[in-house]
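What follows is one structure encoded as structure tokens, with my remarks underneath.
Protein chains in written order, with UniProt numbering: chain Z, 1 to 467; chain A, 1 to 467.
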């Protein structure tokens, strides 16, 4: 395709800007037919050839498409448009998918203090090998058949039992197994929201919530987070101003801040949810890292408007993919149907391996060990970073994340870009921030900071980073 | 909730009907605010209390929701609405999800001639056990880490190699691994279509395509199918009339008809796709059952507008969940991002087990065996059904499906309902038909018909079915 590289002349550029604005505002959604050449020319008082040139340039850019004999249309596809719609405030190099891409595709040699999971050698590899061998021997193992629509009953029972030990009474019939915690959140969003619905998130929040909600074309509204939960004045103001349909948050040690929801705020949010017809999605993926259970949004008086999400990716394996969601019974049937329509069924064999690790206690024993290791790693990381001039926003009680303020004048995105050149994967604050208010912050994973090369590399990076 | 059971009085019923029609036509989409009580009363010349009663009854039905102090809103959630929007023509008991639900959740005792997959004991259980043990021993096995965004390179390489033996030259870098073939189709739909876009499907087609497209709110347009592909006159007429964005079909032995696309029709569809800016999704999930490769929509001159989907669910295991999609390079990046946003990453361990089964040739050897068994089962099933008065629409060259006409006067939906009472799972024609034109048809799976109890049970069922 010949993309004209010379700048467009004034009138042509004007038409192009007009079209781009309509598309950006979604007044002209993907697939909409553009005004005819003649109509556009008349409306803007330009010649038809000016409009032809503007449309051709926009088509070359991929913003619109020509259909032979049928005019010009706003280009799909939906997804890249929705995901790329990041707005002018955000550095395109550091969008919410940036951390995912770097984490998933960087080589094993890279140091990853910005990564969102534990190092491979912290994971229960021997227990997994043993469970694989046991399942391979088990004559009743679900080796080839489709799993039931809600997932393997044995694993749903184990999950209910485990949540019981954490004080959450859940009936296994209210648990739907999914292929990941993210997929559970995605299913709930498909089920609950319409394009244009407002959704509240914490600012900062898990960056993939932002990418996911953009794929759903939600109106994302960030509420500043504090060490004991959202800023409640801002939360209430956002309810009044935006009438959101959902509040999507993560319980347990908060990602990225390590904050801990207080019981008073949890109660207040439940009461507000009731009054404002707000649905709460509580992503509890880090809950098993808590030494002392914090408050949860889910409680007996809120079951009808809270859905909870969990997964084994952080404590057991992200390669044995399995998540789950807990929701009221009348939603669960529809969610199971939606899941069948969109992925058919779950991974029975994976579910059987995990059920075995829960049944024989190997997983529970391992998570206790993880909590102990993290409790030692946290103060070590605080000392290491403190020596480099980074100050924690809050000292988390547990979990793997430490949210830090960078030395004055250092921009997180720039530091992360420079780090990448040197095989150092960092998580700059603004990928977590809907308001792009965290340019001076950075998330660290305390479990990924034991490599002896790290302190020097980080020190050099900070010293040489342009301010 | 108190649902008023007495019939609504005339004026109230009139208002309710008016609201329901607006909602059904999506003039008032989920989340839209209903007119105020006063405005509605004025507009329809009724009292405010009549509108109050109508709204209350609609809220009790779940069609609308009250927000305290803020009026009434069209109820979400999206999904159950979209999936339940089946229209008056279709028997709600036998919707496109009916077969899925019955197949996934019926006990192992049930006879399943209507099921869409091979019996458990036709599957390579021993080879899977062996591969599990090998992976458990392999020091380099991806036991705990997240898989790369496109999926495990070893499996992508094996898939490209296998497709090469079938005459399809595919670069492993153009393959994205997913958790199922269905998920691959779903991702493509999320990427390519907008609510309201027209999508062509075969009539009859795989029933889950209908459920999936409804979840996307596509306008589904069925094109009658023939033994060598779609009816081309109707296909072209549909292109002109509906300007569809996509044609979603399945290659190889067609589900449910066992039809085989001719090379001439494949060429014609490619040419039309080019002229009408149509994108083709070719679900090739049954391709490995072909003894003699049939034509495909994907060809060297159409790579830019064809996406292909495959999976191992039918030939290897549906419990080791893994599908894949092949698409042009510039789509693949965006599809991988969309997948990261919505499910994060794939099941690395499952991918490693499958890669091993492909690498050592166990899977290839097993699929050869399956083709031989199916070639023997097909004529057996035709004889068995013929003796009961069922005639094949077409005698398929390969695959597991046989599309049959029922004896005169027998309705497939009714027969399937009666069958279920007797532990017999059947697949009535209309779940496959967008036009609901297949009430006299039924899909049989020849691999599921060797149980000696089947002939008598089926004979009794047909004899006693009311005509």
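For every residue, glycine included, the Cβ atom is placed at its ideal position computed from N, Cα and C.
Keep in mind that this is a model prediction, so the values were computed, not measured.
### Task
Determine contact between the region 199 to 208 of chain Z and the region 349 to 359 of chain Z, defined as no fewer than three beta-carbon pairs at a distance below 8 Å.
With the cut-off at 8 Å, the region 199 to 208 of chain Z and the region 349 to 359 of chain Z do not touch.
### Task
Determine the chain Z residues that contact residue 401/A at a beta-carbon separation under 9 Å, and present them in chain order.
For residue 401/A, no chain Z residue has a C-beta closer than 9 Å to its own C-beta; the minimum C-beta separation is roughly 17 Å.
### Query
For residue 309/Z versus residue 323/Z, is the C-beta spacing smaller than 8 Å?
Cβ distance < 8 Å, so residue 309/Z and residue 323/Z count as in contact.
### Same chain only: Cβ atoms within 6 Å of residue 468/A, ignoring 5 sequence neighbours per side
Summary: the structure shown does not reach residue 468/A, with chain A confined to residues 1 through 467, and so no result is reported for it.
### Message
Against chain Z, with Cβ distances strictly below 8 Å, would residue 228/A count as a contact?
### Response
No, no contact with chain Z.
### Task
Reducing DSSP to helix, strand and coil, say where residue 460/A ends up.
Residue state for residue 460/A is assigned as helix, using DSSP reduced to three classes.
### Message
Taking contact to mean 3 or more Cβ pairs, one atom from each stretch, closer than 8 Å, check whether the region 296 to 313 of chain A and the region 272 to 282 of chain A are in contact.
### Response
The region 296 to 313 of chain A vs the region 272 to 282 of chain A: in contact.
### Message
Going by DSSP, what residue range makes up the alpha helix (DSSP H) through residue 213/A?
### Response
Per DSSP, residue 213/A belongs to the alpha helix (DSSP H) from 207 to 215.
### Task
Quick one: residues in its chain with C-beta nearer than 7 Å to the C-beta of residue 38/A, no 5 flanking neighbours on either side, listed in chain order?
In its chain, beyond the 5 residues on either side, 48 have a beta carbon closer than 7 Å to the beta carbon of residue 38/A.
#### Entry: Neighbourhood of residue 434/A by C-beta distance below 8 Å, restricted to the same chain and skipping five residues each side
Taken in chain order, the residues that qualify are 201, 203, 205, 210, 220, 221, 222.
### Task
Pull up the CB-CB distance for residue 445/Z and residue 113/Z, whole angstroms please, since I reckon it's below 8 Å.
At roughly 6 Å, the Cβ-Cβ gap stays under 8 Å, so residue 445/Z and residue 113/Z are in contact.
### Message
Within the continuous alpha helix (DSSP H) that includes residue 309/Z, where are the two ends?
### Response
Where residue 309/Z is concerned, there is no enclosing alpha helix (DSSP H), although the beta strand (DSSP E) it sits in stretches over 306 to 311.
### Task
Please determine, among 290/Z, 454/Z, 335/Z, 338/Z, the residue with the shortest C-alpha to C-alpha distance to residue 397/Z.
Among 290/Z, 454/Z, 335/Z, 338/Z, the Cα nearest to that of residue 397/Z belongs to 290/Z.
### Message
Would residue 193/Z and residue 185/Z qualify as a contact pair, given that the criterion is a beta-carbon distance under 8 Å?
### Response
With a cutoff of 8 Å on beta-carbon distance, residue 193/Z and residue 185/Z are scored as not near each other.
### Task
Determine the closest residue to residue 101/A out of 427/A, 359/A, 170/A, with distance taken between C-alpha atoms.
If we check each option's Cα against that of residue 101/A, 427/A comes out closest.
### Beta-carbon contacts of residue 335/Z that lie in its chain and below 8 Å, excluding the five residues immediately before and after
Within the same chain, residue 335/Z has close Cβ partners 176, 187, 188, 191, 325, 327.
### Query
Between residue 361/Z and residue 142/Z, what straight-line distance do the alpha-carbon atoms span, to the nearest angstrom?
Straight across, the Cα-Cα distance linking residue 361/Z with residue 142/Z is about 21 Å.
### Task
Taking residue 222/Z as part of the alpha helix (DSSP H), name the residues at either end of that continuous run.
For residue 222/Z, no alpha helix (DSSP H) run applies; the uninterrupted beta strand (DSSP E) run containing it begins and ends at 219 to 226, by DSSP.
### Query
Counting only beta-carbon atoms, is residue 88/A nearer than 8 Å to chain Z?
With a pLDDT of 27 at residue 88/A, under the threshold of 50, the modelled position of that residue is not reliable, and the figure given next carries that caveat. No Cβ of chain Z is located within less than 8 Å of the beta carbon of residue 88/A.
### Task
Leaving aside the five residues before and after residue 254/A along the sequence, list all residues of the same chain whose C-beta is less than 6 Å from its C-beta, in chain order.
The beta carbon of residue 254/A lies closer than 6 Å to none in the same chain, with the five residues before and after it left out.
### Task
List the residues of chain Z that residue 208/A touches, going by C-beta distances under 8 Å, in chain order.
The contacting residues are 340, 341, 344.
### Query
From 123/Z, 228/Z, 297/Z, pick the residue whose C-alpha is nearest to that of residue 270/Z; which is it?
Taking each of 123/Z, 228/Z, 297/Z in turn and checking the Cα distance to residue 270/Z, the smallest one comes out for 297/Z.
### Task
Classify residue 109/Z as buried or exposed, calling it buried when 16 or more other Cβ atoms lie within 10 Å of its own Cβ.
Here residue 109/Z is exposed, its C-beta having fewer than 16 other C-beta atoms within 10 Å.
### Message
On the DSSP letters alone, give me the boundaries of the alpha helix (DSSP H) that residue 175/Z sits inside.
### Response
Where residue 175/Z is concerned, there is no enclosing alpha helix (DSSP H), although the beta strand (DSSP E) it sits in stretches over 175 to 178.
### Message
Run through the DSSP bridge pairs and tell me what residue 203/Z is partnered with.
### Response
DSSP output for residue 203/Z lists 224/Z as bridge partner(s).
### Message
Counting only beta-carbon separations shorter than 8 Å, does residue 470/Z have a partner in chain A?
### Response
No answer is possible for residue 470/Z: it lies beyond the span of chain Z, which begins at 1 and ends at 467.
### Task
Report the rounded CA-to-CA distance for residue 387/Z versus residue 132/Z, giving the unit in angstroms.
For residue 387/Z and residue 132/Z, the distance between alpha carbons rounds to 44 Å.
### Message
When you compare the CB of residue 212/A with every CB in chain Z, is at least one pair closer than 8 Å?
### Response
Taking a beta-carbon distance threshold of 8 Å, residue 212/A counts as an interface residue toward chain Z.
### Beta carbon proximity, residue 232/Z to chain A, threshold 8 Å
Not closer than 8 Å to any Cβ of chain A, the Cβ of residue 232/Z fails to qualify, so no.
### Query
So, residue 384/A versus residue 449/A, is the Cβ gap smaller than 8 Å?
One thing to note: residue 384/A has its Cβ within 8 Å of the Cβ of residue 449/A.
### Where residue 463/A falls, given that 16 or more other Cβ within 10 Å makes a residue buried
Counting of Cβ neighbours within 10 angstroms places residue 463/A among the exposed residues, the total staying below 16.
### Query
Which residues of chain A have a Cβ atom closer than 8 Å to the Cβ of residue 347/Z, listed in chain order?
Correct list: 179, 319, 320, 321, 347, 350.
### Task
Provide the residue span of the alpha helix (DSSP H) that contains residue 349/Z, from first to last.
Here the alpha helix (DSSP H) through residue 349/Z covers 348 to 359.
### Query
Which residues mark the beginning and the end of the beta strand (DSSP E) in which residue 71/A is found?
DSSP places residue 71/A in the uninterrupted beta strand (DSSP E) bounded by 71 to 74.
### Message
Does chain A have any CB closer than 8 Å to the CB of residue 182/Z?
### Response
Taking a beta-carbon distance threshold of 8 Å, residue 182/Z counts as an interface residue toward chain A.
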